[in-house]
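Trainee: Convert by adding 113 to the 1-based position in the sequence shown; the result is the number in the working numbering.
For each residue, glycine too, the CB sits at the ideal point set by N, CA and C.
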Amino acid sequence: MIPVITLVLYFGPDKWDGPLGIHDMMDIRESALLPYIPDYRINLISPHSITDTEMEHFHSSLREVLLFIKYSKDKERLQKLISTDPRFLSVEQKASQVIKVITGSEFKINEKKEAINMCKALEDLKEEGRKEGRESAEREFVRKLLAKKQFTYEEISDMTDISVEEIQKIERHK
């Protein structure tokens, strides 16, 4: 017979706080009963509890997925990991999709490429955020200028390099 080992793969960055066996799930007041109830234990793989040294034993893209999840709440450590670990320069597309879905990251994945450079993907995401922040600040500045009612659309356009049409859209969506 071939043994079957069931693994439970927890995709959360936090420490597993669930039960690890049947006995942990039951509220048994009579401890004398426990020897008669099989305690099926789960074999848990949790990113939080795997050391970086132990992660080196993973030779598939599961390693990158687990590491990204493990450090997804620590942005500095994640950035350092991705920028120093050469395996993050080329992460399989499917692994990148798992990372994106599990962690809620919003980096872009080029469907035509087999592998994703995670460092570049995160840099692109940061730049997009900075750009959105600048655009948001510009719109807010235009709203303030419009509220003063001292400037024409053309004057505001000259001050901000935003088209008159865009200024009118901003005004309509106050």
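#1: Would you report the Cα separation of residue 161 and residue 151, rounded to the nearest angstrom?
#2: Among residues of its own chain, excluding the 5 on either side of residue 192, which ones have a beta-carbon nearer than 8 Å to its beta-carbon?
#3: Would DSSP call residue 205 helix, strand or coil?
#4: Does the beta-carbon of residue 166 have 16 or more other beta-carbons within 10 angstroms, so that it is buried, or is it exposed?
#5: Starting from the Cα of residue 225, find the closest Cα among 207, 158 and 274 and give me that residue.
#6: Between residue 121 and residue 155, which are expected to be in contact by the criterion C-beta below 8 Å, what is the C-beta distance as a whole number of angstroms?
#7: Tell me, to the nearest whole angstrom, how far the beta carbon of residue 216 is from that of residue 181; I am working on the premise that it is less than 8 Å.
#8: Where does residue 229 fall in DSSP's three states?
#9: Taking the straight line between their C-alpha atoms, what separation do you get for residue 211 and residue 143?
Mentor: If we stick to the structure as given:
#1: Position 48 of the sequence shown, counted from the start, is the residue given in the question as residue 161. Position 38 of the sequence shown, counted from the start, is the residue given in the question as residue 151. If I take the Cα positions, the gap works out to 28 Å.
#2: What you label residue 192 is simply residue 79 of the sequence shown in a count that begins at 1. Once the five neighbours on either side are set aside, the close Cβ partners of residue 192 are 235.
#3: Locating residue 205 in the sequence shown gives position 92, counting from the first residue. Residue 205: strand per DSSP, three-state reduction.
#4: The sequence position of residue 166 within the sequence shown is 53, counting from 1. By the 10 Å Cβ count, residue 166 comes out exposed.
#5: On the sequence shown, residue 225 is found 112 positions in, with the first residue counted as 1. Nearest option by C-alpha distance: 207.
#6: Your numbering for residue 121 matches position 8 in the sequence shown. Your numbering for residue 155 matches position 42 in the sequence shown. Between residue 155 and residue 121 the Cβ distance is about 5 Å, and since that is below 8 Å, they are a contact.
#7: Position 103 of the sequence shown, counting from 1, holds the residue named residue 216. Position 68 of the sequence shown, counting from 1, holds the residue named residue 181. Yes, they are in contact, since the Cβ atoms of residue 216 and residue 181 sit about 7 Å apart, within 8 Å.
#8: For the purposes of this step, residue 229 is identified with residue 116 of the sequence shown, where counting begins at 1. In the three-state scheme derived from DSSP, where H, G and I count as helix and E and B as strand, residue 229 is classed as strand.
#9: Walking along the sequence shown from the start, residue 211 turns up at place 98. Walking along the sequence shown from the start, residue 143 turns up at place 30. Those two C-alpha atoms are separated by around 44 Å.
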